[in-house]
Each structure stands twice: as structure tokens, then as C-alpha cells.
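See structure below.
Residue numbers (the working numbering), protein chains in the order written: chain A, 1 to 415; chain B, 1001 to 1535.
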């Protein structure tokens, strides 16, 4: 039997660089297609709406779209974490509404300073998540049931907090500024370029490290494609957002990256780092993949569970704060309606497996883009909510079917 | 030495079913203790308690007086467990799996948020795998893509990645092939020499007696035997396992247990080999079947061709004989009669001539030469077709031919022909005659003999034996028919072909007193005359 010899490069032909096309074909055969179907779907959606209405691919609309999805996407990041564990959290919508109400009431009615009110709103989420996680981990009650109970209870709490008025109109500039201010063009480009360079540096360092360890590496062409694509998307996005969005040319120009989008992207980057680079992230995948294995490895499974539910509810609260800030208000409908379902659908459409242990934080962005684009496009075409829901439902079904069939293909090929 | 591990009054029950009852034992550092018992004796539950995955209902397991309470604290205590069936995370890669829960690098304080040093882990992972003799496609290969055996080896590698003070091994060998089993036993010895305590749970007596210092036997959750390995025997271990002391019951039991394990090991190896073979065979089988079919077809067609060829040759030979016969008859009936009548005519002519004196001598000469011609033609006829063979049979033909040959060649011929031979089928008679012709001609050409002995007799009612023996110089040692034929000598080859055509056997003997004996055995249908006599 051949032994693994880490320091000789020549005797492991299997690590030869793989060409672009064969690697794509192989990934397809293994059912390891990554975000490709979502990207294709997104491109098709954009194409269809652009043909139907030429306002779809305009700077104004696209910027609106990203602001619209920032809240849903942030909640969806938390859902991704919970799904990675193989669990589900149905209370995120209610929690986001309650957090926004707590913030609104404290700021407007109690006159708390903005920072404290925001922190209190987010802390509400953290507290709720910890409680629900503890219940799920310690009492072995299925997360479905605990979060369903939460959905009802926190909905009630929201109504209780808002009291008889039912609506709190936000007036504090800081709170409103969370979602409604803009980063200047110069700062936007500087941030964008720094992000691209950092991304390229991380990828290249990773490649080097793999080569040094004689591990399989992707081809330089593929690497260049990845960096180039991300750079292009970033520059084009920032460029789009730098164009004046104010239809009134005479008035002051409206340009720059909306702060809600910056917050959402920051959340994505932070949680991508946490899930992929830290022990904690690795343990989430381990617990979601095989609880017994995680337990045997000495991982504090209950601790991971509680932490993940805590993070999920915290992110839901953040999403609620973002939404309230964008809409200048917190009311009885906050976090209601399709908030919960869209957040879960976004995570799943983005490619996070419902069966645990598989998925990426970035799928929250992709899924949110898909759902947001459908909603936005249909609004442009003045279609009814009825059709919007039906189309979104169909897309969700397709995405879950893809996940299930990928899973069965993996099992069939022993992968 | 102080005890490292103390298991004190441990009891466990599932519902009302007692699994472990009041179990107590100690383990010292550098000691290998075997744990055995039949299936269901409680071994695995005990192992899971060591892993912190089950809690005892009463009593405690402690390491350096710290009781084991949860799986999270087990590794910190320095306990590592190799379970019977590995549990691994499918989506993690090899390197991540080996170091799961024990990632290298980063700050201890904020251990959850630190980022493990992947390169350091890859390095030591590949060293550990090399040490175990395990080969994986890559350290980034997902565990879900590996075989059951490789996964079990990864579970062992997880233990090597830590530095435990106590290793609990729960019968992992059922999934492993022989080499890996030996690797594991070697590993246990290494741990022993490094002062690591090992609790080795196994039903395999070979393994237990190979590495352990002490053996504990569980039966129905109770510790029934705890002895030094050197002071016990397989019989007593097995008797403790099954709770019998009767030697007569024991022997077949130990035999059964021992051979059961050996058989299971072999079965495992065999199963793997069979899988490979089946795979190969499936591919080979179709090819083989095609080849065999083709071969059979070729053989059949060859047989058919051969038969056809023999038929053709037989027909050719008999047709030639017919032709010769016809030719001889023609010569006899036509040419000779003409010549005779010509002779008479000349005689008459001589009497009628007026002046006989002038032409007398000429006519005499003429007549004499015609007589000479007649004799010559008669000789030719005799050679072409022995005249006696058709009328008097092969015996007479041989007699007349051999006496004529003898006087011609000056070699003495002695004949021994069975009187009761009677008439034989036409083809056989002519074949025998031709063989003798050919044989004698060979003797004259090559043997330098002074005497030839021919015998023809029946060995049974259905076969004849013909021998032709000379007293000549014999054959060279390397004589063979193919070489002779290649050199242009067809005599012996012709004989052998004739023998083959009548389905007989042909042999050449080098005689001890010099010369060659040719022996031909010919089967034949019974001759009709004989049959007549028979009735």
C-alpha cells in the first residue's frame, strides 16, 4: 500500500491541476455544482424582467433591490447557520418584529439614546435565541416545535410591546440612518478595491499553502476566473451605485452605496469567516453532519446548538432593526407576513441543504437576490401578490428538489 | 505503581434490564488490560462510559481521581476511545476529521473563535497516516468518499493526533483487514511502552493473548474473571465467558470461538477479494465465453476438415488401385494377346515363305524379341497389380513377390504367414501387400541386410499383425518420419500413411541384435469366409 509522503511532490500524480472544463463536468457528475444553478437562475430572471420591462436593469432599481433584500438576507444568514446544524428556526420573523418594536418603543416612547435602543433591540434577539437554544439542547424538544411556539409567543410579545397604538414611527436620525445613509463614491471604491485585493490575496495564499502541502489545487485559469469575476461584480456593483439615482437632475445627486447593503455584506463576510475558518464554524458543520461523531470528538454539542440559535435570533433582530430603519417605522406587521418564509426560502434557494452539514453563508445572499429580484421585477410589471407568491413558491420547490436530487446522486455515487 | 484509572462499583441498567452490575477494576499506566465476554456482556456500554457517552447509574469511572462525567471532558482528561464502528462527519475532509475537536493552533482562551493552523494539521495528519500505512487520495478528500476500512483507520488516527493517557479500544478489528489488525496490535504495544494505559475490548482470543497483561471477563454485566494473561489459558477465559466449567463442553466451544474469529477474519479478506474478483470476472466472463465458443467452433471445423481429407485420400488411393487393375487387365487382354497373335502370324509367315533360308534368321530374331516383349509386359503387369492377389489372396501374392524379390536382390527372405488367414477385405489386402513392397524396397535401399523376416498373423479375430525385420545396420538414434520426409525419403512415411488409412498402428523397433523391426497392427472387419466357418 502506498504511503502518504508529505514532502515528496513527484509521487502524487492525482494532484495535478485540473483544467477548467473537466473540473466543471466532474463537479456536475458528483453533484457538487456549488452556486452555479442559482447564478444561472439569477441571470435568467434578470434577462426575463429586463425584456419585459427595461427599467429592471437600471441603477435606481438595482440599488433599490439590494436595499430591499438587506434585511431579509441578514435574517437568512442566521437561518443558514441553523440549517447547517440540521435544525430549523421558525421564530425569526417574529423575533425580528419584536426587536424592531423594542428598539422603536425605547427610542420614541422612552426616549432612550439611539445606540442603547438599537443594542436593546438586538439584545432581545440574543436573549430569545439563547432561551430557545437552551430549550432545544437541554430538553431535547425538536427545534421545529420550540421555534413554532416562539413564533406565536414573540408575535404576542410584539403586540404587547407596541401597546394600543400599534405603530411607532421612528424619528431618531441615527436609527433611520442605519439603512438610509450612503457611503461616498470614493470610500465605496476604496473599500471595494481593498476587498478585491484581500480576496485575491486569500485565494492565492490558500493556493500556495495547498501546493506546499501537495494537495489538489485548482488550475490557475480557474483561480484567475474566480478573482476576475468577483472583481468585475464588485466594481460593476459599486459603479452602478455611483451613478446619480435622483430622477430630478436639478436637485442634489443621490449616489453611493446604501449603508444597509454595506451592513449586509459585512455580516456575510464576518459569518463566512466564522463558519469556514474558526473552530466554531467547523464544529457547526460537524454537529450538523454527524452528532455522534461530534460528541465522540469531545465537541460540546449542546453549547454549539445554543450558540447557533442565539446567533440566529441575534441576526434576526439585526434584520428587524434594518427593516424598521428602512421603513421609518415599527408596527404590528413588522416581521410578519412572508418575512420568515422568505428568509428560509432564500437560504435553501441559495444552496444550503435542509439535511444539515452542507451549505455556505453566501447562499443567503444568492437566495435573497433571487427572491428579491422576483418580487422587485413583478412589482415593476405591476403583478399581483398572488402571482408573486406562486412564482416564489415554484422557485423554492425547484431549489429544494435540486438539493434532494444532489443528495441522492451523492449517495448513489458513494459521495 | 499508583492506579491511573479506577472503575468503582459501576452499575448501569437500561429500563429494567441490568447491563453492568457492580463493576470494579483498576488500570495502571503502561498496562494493557483485555476486556472480553460474549456479545451482550456489557463491553460496549462500558466503553461508551469511558467515552463519556453513557453515564453510570451508580459508581464512577475516574482518571487520577477525576470522575468521567461528559464526552466534552473526556479528551481533556486524556482518554481516547476507538469505537467498534467509527462515527465520522461525511462532509469534513481527512485532515479536518483527524483533528476534529483537537484543532492545532490559535489562542487557548478564545478557543471557539480562533482559526486552526491548517498547514500544521495537514503536516501531522500526513505523518500519522503514513505511520498507520493508510493511503488516501488526498488530505482534502471528503470522508464520505472513503471505504469503511479507511474510516476506521481515520478513527484510529484521531487517537494518534492526541496524546492520551488512556486508550480504550473496542473491537475495531472487525472492519479491518489482517495487516491493519497487526498495525493496531503493534500500536497497542507502542502505547504500552510509552506508559499509556490501554483497555482492549475484544472477543478475539489471539489478539487478547498477544498484547494484554491482564484479562477481564464480563458475563451478563458482571466481572467474572480477572487474571494475569500469563497465568491463564484460553480454556479458562472461554469457560468464564460462557459460564461453564465442564471440560467437555468447553473444548468445542473454544474451538468454535477461536475458529469463529479466524473464520471471520478470513471471511472479511475473502469478501474483499471476492468483490474484486467478481468485478474482474464480470468483465472477463463475456470475453472468455466468446473465446471458448470460437475455439469449439474451430475444433469442430478442423475435425470436419480432417475427416474430409482422410476420406479424400482413401478414395484417391482406392481409385488408383482400381486404375492400376484396369491398366493391368488392359495390357494383359489387349497388348499381350496382340503380341501372341503376332507371333503366330510370323510363324505362319515363316512356313509360307518360298525361300525360307533367306528370311529364316530374321524371323527367328523377330519372334524372340516379341517373346522378350511379352515377358517384360507381363512383369510390368505383375508390379502394377500382383496377379495372384485377386485370385489367390494376399498370402500367395506375398509369397510370389518375396521369392521373386529375393532372387532379384540376393537377400534371403523368410516368410511366416498364418495358414488360416483366409481372404481379407480388398483394401486391407492391397495395403498389406504395398507395405511389404515398400518395406522390402527400404531394406534393399538402406539397411544393408542379408536376411529379412516377414510375418503376418492375426492377433485376434479382428486384428492382424505384420512385422518386417531385417538384420541390417538399423536406424540412427534421431530418426523421425518428418526428418526423413524432409530429406526426400518417403518409404517409411508412405507406410505410416497407409497404416493410418486403415486405422492401424505403426511402430519401429531398433532390435538389440541389430537391424530394424517394423511392426504394423491392422484392425479389420471379420472376413466373410471365417464367418462362414464360424457358423
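Yeah, the Cβ is synthetic: ideal placement off N, Cα and C, and Gly gets one too.
Beta-carbon within less than 6 Å of residue 982 of chain B's beta-carbon, same chain only, minus the 5 sequence neighbours each way: which residues are those? What the structure shows of chain B is the stretch from 1001 to 1535, and residue 982 of chain B is not part of that stretch, so it cannot be assessed.
With a threshold of 9 Å between beta carbons, is residue 216 of chain A in contact with chain B? At least one C-beta of chain B is nearer than 9 Å to the C-beta of residue 216 of chain A.
By a C-beta neighbour count over all protein chains shown, 10 Å radius and 16 as the cutoff for buried, is residue 403 of chain A buried or exposed? buried
Could you tell me whether the segment 1131-1141 of chain B touches the segment 1076-1090 of chain B, where touching means 3 or more Cβ pairs closer than 8 Å? Per the Cβ contact rule, the segment 1131-1141 of chain B is not in contact with the segment 1076-1090 of chain B (fewer than 3 Cβ pairs under 8 Å).
Cα-Cα separation, residue 1186 of chain B to residue 43 of chain A: CA-to-CA, the gap between residue 1186 of chain B and residue 43 of chain A works out to about 59 Å.
Tell me which residues share the same chain as residue 1009 of chain B and place their Cβ nearer than 6 Å to its Cβ, disregarding the 5 neighbours each side in the sequence. 1022, 1024, 1059
Looking at chain B, is there any beta carbon in it that lies within less than 9 Å of the beta carbon of residue 250 of chain A? Residue 250 of chain A does not count as touching chain B.
Buried or exposed (CB count within 10 angstroms, at least 16 for buried), residue 1122 of chain B: buried
Distance cutoff 9 Å, beta carbons only. Does residue 299 of chain A sit that close to anything in chain B? yes
Quick one: complete beta strand (DSSP E) runs, 3+ long, within the segment 328-353 of chain A? 329-331
With distance defined between alpha-carbon atoms, name the residue in B:1097, B:1507, B:1465, B:1475 nearest to residue 1523 of chain B. B:1465
By the 8 Å beta-carbon criterion, what residues does the segment 1013-1030 of chain B contribute toward chain A? Of all residues in the segment 1013-1030 of chain B, none has a Cβ within less than 8 Å of some Cβ in chain A.
Can you list the residues of chain C that residue 1089 of chain B reaches, using a CB-CB cut of under 9 Å? No chain C is present in this structure, whose protein chains are A and B.
Thinking C-beta only, is residue 1203 of chain B closer than 9 Å to residue 1038 of chain B? In this structure, residue 1203 of chain B lies closer than 9 Å to residue 1038 of chain B by Cβ.
Decide if the segment 59-79 of chain A is in contact with the segment 335-343 of chain A; the criterion is three or more beta carbon pairs, one per stretch, under 8 Å apart. yes
What's the C-alpha gap between residue 1093 of chain B and residue 1086 of chain B? 15 Å
Does any C-beta atom of chain B lie closer than 9 Å to the C-beta of residue 240 of chain A? no
Per the contact definition of three or more C-beta pairs closer than 8 Å, is the segment 112-132 of chain A in contact with the segment 314-325 of chain A? yes
What first and last residue would you give for the alpha helix (DSSP H) that runs through residue 185 of chain A? 185-212
In the DSSP assignment, the alpha helix (DSSP H) including residue 169 of chain A goes from what residue to what residue? Here residue 169 of chain A belongs to no alpha helix (DSSP H); instead the beta strand (DSSP E) covers 167-169.
Taking a cut of 7 Å between CB atoms, which residues from the segment 249-274 of chain A lie near chain B? none
Beta-carbon of residue 1051 of chain B versus every beta-carbon of chain A: anything under 9 Å? yes
Within 10 angstroms of the Cβ of residue 1091 of chain B, are there 16 or more other Cβ atoms? Answer buried if so, exposed if not. buried
First through last residue of the beta strand (DSSP E) which encompasses residue 1198 of chain B: 1197-1201
Using beta carbons (cut-off 9 Å, strictly below), is residue 1071 of chain B in contact with chain A? Yes, because at least one Cβ of chain A sits closer than 9 Å to the Cβ of residue 1071 of chain B.
Between residue 129 of chain A and chain B, is there a C-beta pair that is closer than 9 Å? no
What residues from chain A crowd round residue 1092 of chain B, counting only those whose CB sits closer than 7 Å? 285, 286, 289
Run through the DSSP bridge pairs and tell me what residue 395 of chain A is partnered with. Answer is none; residue 395 of chain A lacks a bridge partner.
Taking C-beta pairs closer than 8 Å, name the residues in chain A that residue 1083 of chain B reaches, listed in chain order. 296
Flag this pair as touching only if the segment 60-71 of chain A and the segment 237-255 of chain A have three or more C-beta atom pairs under 8 Å; answer yes or no. Yes, the segment 60-71 of chain A is in contact with the segment 237-255 of chain A.
So, is residue 1179 of chain B buried or exposed, given that buried needs 16 or more other C-beta atoms within 10 angstroms? By the neighbour-count definition (other C-beta atoms within 10 Å, threshold 16), residue 1179 of chain B is an exposed residue.
Our contact map puts residue 1113 of chain B next to residue 297 of chain A with C-beta atoms below 8 Å; I'd like the distance itself, whole angstroms only. Incorrect: roughly 18 Å between the Cβ atoms, too far for contact.
Pull up the distance between the alpha-carbon of residue 46 of chain A and that of residue 1054 of chain B, whole angstroms please. 55 Å
For residue 1066 of chain B, the residue or residues it bridges with in DSSP: According to DSSP, which records beta bridges pairwise, residue 1066 of chain B is partnered with B:1063.
I'd like to know if residue 360 of chain A contacts chain B, where contact means its C-beta is closer than 9 Å to some C-beta of that chain. No, residue 360 of chain A lies away from the interface with chain B (no Cβ there is under 9 Å from its Cβ).
Over what stretch of residues does the alpha helix (DSSP H) that includes residue 1055 of chain B continue unbroken? First-last for residue 1055 of chain B: undefined, no H or E at that position.
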